[in-house]
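Chains as they are written, first to last, in the numbering used here: chain A, 443 to 807; chain B, 443 to 807. Think of the CB as a built atom: it goes at the ideal place given N, C-alpha and C, for glycine as much as any other residue.
Number of protein chains: 2
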Amino acid sequence: MENRYPHESVTQFVEEVFCRLGARRQDAGRAAEVIVTADLFDIFTHGVERVPDYYEAVRHGRIHPAAQPEILRETPVSALVDGHEGIGHALAVWCMELAIRKAKESGVGIVSLRNSNHYGFAGYYPLMAIREHLIGFSVTNTEGIMVGTNSRQALLGTNPIAFGMYAEPYVFLLDMATTVIPAGKVSLYSRDGRDLERGWAVGADGRVCTDAPTVRACINSKKTGGILPLGGEGETFGGHKGYGLGLMVEILSGILAGGDTSNLIRRLDPWVDRNSEFFVAMDYGMFGEPAQMEAHLSDYLHTLRTAERADPAVPIYTHGEKEQRAAEYNRAHGVLIHEKTAQKLLHVAQELGIDFDACRKKIQP
Amino acid sequence: MENRYPHESVTQFVEEVFCRLGARRQDAGRAAEVIVTADLFDIFTHGVERVPDYYEAVRHGRIHPAAQPEILRETPVSALVDGHEGIGHALAVWCMELAIRKAKESGVGIVSLRNSNHYGFAGYYPLMAIREHLIGFSVTNTEGIMVGTNSRQALLGTNPIAFGMYAEPYVFLLDMATTVIPAGKVSLYSRDGRDLERGWAVGADGRVCTDAPTVRACINSKKTGGILPLGGEGETFGGHKGYGLGLMVEILSGILAGGDTSNLIRRLDPWVDRNSEFFVAMDYGMFGEPAQMEAHLSDYLHTLRTAERADPAVPIYTHGEKEQRAAEYNRAHGVLIHEKTAQKLLHVAQELGIDFDACRKKIQP
């Protein structure tokens, strides 16, 4: 049986969790919105199943829920912000709002955020810009799990790139790790006793490894072995390109913000993230008539989707389409929460004195 | 026997070719500098071996050497430029210089160029910004040869991404096609009778094809089949990510500039490119002390290069390092020009009435 809950109720519940943990109401609401949007988009790995982790992170002092962003440097087109290790999602929404305001006033807004925490679903932030008919872009560095070309040490994160622009009927929204697969896939394959594909990961010796538990142990050890960059091992399939994109993200996040690089995140102290994020909003009205440009993009994406298929049974998607279709369904039918996750959320609710049964009743009428 | 020529003499020769074709001296010099820098960096596919192609393109009316860039829209941080189908390299240098001036005045400069031609070595333009201690970024759309995920039609170009920042002893310079391999590799494998790797290309039916002449014919037909995105076929190795990066480039180039998208380049008319390019220069002084940030990046790149190797015999590189090492050698010993290319250049010289022997004498003392 599927456990589906109205997304508004889930959002309220997550907001309440962050409030009880000490967050201001607005910050809690922002974080809840990002988290539940991931569930709406069927990106479960960044949805409510992470809430118990965030709860633990607050208890261990990694996340300081009451912390407020502080602007350290500012120009009409830019800002450097210190997040003081607050809630990553709330800080990121605040920074993207700042970038959007600057883009509306000056054409472009570029915000660099240091001392942040995991900001979840990277695509959410470009989406905020897209809604305002601006181009949105965001990257973040993360805990080092990527082994660069010819290396055996994991010194880069999954370092995702998120980028988007308004189009109809589906906005274009690219949200991709620069690793070939996310770390969560290794855990999933490990749990299910499945072998990894050759070209996904390397063992402690830096050679391709298909044994999921071995790779999982490498990632946990934070020493050698880990996940390969997009393009896989060596240069034959462009692994050096994925490695380079990871480095581009590292420059735009850790280096620009004066924060730690991925190789240090959670290594100096397993309960300290302090990762860095980067946000851009750009007004394409500087280059042409926005409605015309959006129509041009919509037409082009339509041409791609309706092209001749390699396999007639497999549709051609453009980026963000699957997620937007899922969101449409989930808004109407409720977001899916696995029973195991629901149990963990109940535990968090009990710890914090939230009446989870009331929430359940409300969300399962 | 290796044919090596002092790079200054080669640059002078290329400049003379463009001048005789009707370019202004400054534009010819700019184009020659970009082209010969590619040879210095051992990126031969974008070096002087292309000069005979450019000569043909001028003769067929694709490139209008005397055309001058025109600013159509401008703000303190941006410009939309019409290239009037001039020399791609010269237009691009002009646009990057404009972006750099804006970055110095306003923190960031973003220039969109329409009606351009092939601009050669994409990494050259970020390099211009890097020299000024700015972050440099450039993308361009190109003739459609990439077959997106689940498609069988080549509707995207190799759509390269070039990005860089100053570091010592090697600046970081990423310059990558968003396809898994460049089109030139298919020609090379076809000539040498070698099979392509599985995951590089698909045939007319949209299925993986390892026969190089078949793929070459697909590319020439401009119908179905072609090269796969970075990440290869389907989604198993992240092919949808390379496809998405190609689309990001398409938005930043063709869509922003109001130009053609890759699927139309050289299809409406084989002798018309009209591709679109995009240039960004960004002053990281907005976020911190530049020298400190550059030292931070230099340290991090050093950590990567000196990490434990997968194979002790294979060095770990950071991006642009190989090319900068090559340039050091080639500046001292001359750039390598294959005999076949030299013959073609001699032919161009004869057609244009340039005393190629004098050039040869000067460059082979």
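My output table needs one value for residue i: the three-state DSSP class, helix, strand or coil.
| i | result |
| --- | --- |
| phenylalanine 605 of chain A | strand |
| glutamate 692 of chain A | helix |
| valine 628 of chain A | helix |
| alanine 659 of chain B | helix |
| leucine 746 of chain A | helix |
| alanine 521 of chain B | strand |
| isoleucine 758 of chain A | coil |
| asparagine 592 of chain B | coil |
| isoleucine 623 of chain A | coil |
| threonine 666 of chain B | strand |
| aspartate 617 of chain B | strand |
| valine 581 of chain A | strand |
| tyrosine 447 of chain B | strand |
| leucine 482 of chain B | helix |
| leucine 787 of chain B | helix |
| asparagine 557 of chain A | strand |
| valine 714 of chain B | coil |
| proline 511 of chain B | coil |
| glutamate 675 of chain B | coil |
| alanine 564 of chain A | coil |
| arginine 751 of chain B | strand |
| glutamate 516 of chain B | strand |
| leucine 794 of chain B | helix |
| leucine 778 of chain B | strand |
| alanine 643 of chain B | strand |
| leucine 698 of chain B | helix |
| leucine 540 of chain B | helix |
| leucine 638 of chain A | coil |
Would residue i count as contacting chain B if we go by Cβ distances under 8 Å?
| i | result |
| --- | --- |
| valine 581 of chain A | no |
| histidine 560 of chain A | no |
| alanine 749 of chain A | yes |
| asparagine 445 of chain A | no |
| tyrosine 771 of chain A | no |
| phenylalanine 721 of chain A | no |
| proline 757 of chain A | yes |
| phenylalanine 614 of chain A | yes |
| aspartate 753 of chain A | yes |
| valine 644 of chain A | yes |
| isoleucine 707 of chain A | no |
| methionine 728 of chain A | yes |
| isoleucine 485 of chain A | no |
Assuming residue i and residue j form a contact by the criterion Cβ under 8 Å, report the distance between their Cβ atoms to the nearest whole angstrom.
| i | j | result |
| --- | --- | --- |
| proline 507 of chain B | glycine 590 of chain B | Between glycine 590 of chain B and proline 507 of chain B the Cβ distance is about 35 Å, and since that is not below 8 Å, they are no contact. |
| glutamate 519 of chain A | serine 554 of chain A | The question names glutamate, but residue 519 of chain A in the sequence shown is valine. Not a contact, Cβ separation roughly 12 Å. |
| leucine 482 of chain B | alanine 769 of chain B | 4 Å |
| glycine 648 of chain A | cysteine 660 of chain A | Wrong, their Cβ atoms sit about 10 Å apart, outside the cutoff. |
| valine 644 of chain B | alanine 752 of chain A | 7 Å |
| isoleucine 707 of chain A | threonine 584 of chain A | 7 Å |
| tyrosine 497 of chain A | alanine 534 of chain A | With a Cβ gap of about 19 Å, tyrosine 497 of chain A and alanine 534 of chain A do not count as contacting. |
| arginine 462 of chain A | leucine 794 of chain A | 4 Å |
| leucine 598 of chain A | serine 704 of chain A | 5 Å |
Is there a Cβ from chain A that is less than 8 Å from the Cβ of residue i?
| i | result |
| --- | --- |
| tyrosine 631 of chain B | no |
| isoleucine 697 of chain B | yes |
| proline 807 of chain B | At proline 807 of chain B the pLDDT is 46, less than 50, meaning the model places this residue with poor confidence and gives no usable figure here. |
| arginine 515 of chain B | yes |
| isoleucine 669 of chain B | no |
| glycine 565 of chain B | no |
| histidine 876 of chain B | In this structure chain B extends from 443 to 807, so residue 876 of chain B is not present and cannot be described. |
| threonine 678 of chain B | yes |
| asparagine 662 of chain B | no |
| histidine 761 of chain B | yes |
| valine 550 of chain B | yes |
| threonine 745 of chain B | yes |
Kindly identify the DSSP beta-bridge partner or partners of residue i.
| i | result |
| --- | --- |
| glycine 551 of chain A | A:Ala723 |
| threonine 729 of chain A | It is worth fixing the name first, because residue 729 of chain A is phenylalanine in this sequence and not threonine. Paired residue(s): none; phenylalanine 729 of chain A is not in a bridge. |
| phenylalanine 455 of chain A | Phenylalanine 455 of chain A pairs with nothing; no bridge assigned. |
| tyrosine 612 of chain B | BP columns for tyrosine 612 of chain B are empty, so no partner. |
| leucine 687 of chain A | Answer is none; leucine 687 of chain A lacks a bridge partner. |
| valine 535 of chain A | Bridge partners of valine 535 of chain A: none, in fact. |
| valine 476 of chain A | Per DSSP, none; premise fails for valine 476 of chain A. |
| leucine 706 of chain B | Paired residues: none, contrary to the question. |
Report whether the distance from the Cβ of residue i to the nearest heavy atom of the ligand ATP is below 7 Å.
| i | result |
| --- | --- |
| glycine 680 of chain A | The ligand ATP is absent from the structure shown, which contains no ligands of any kind. |
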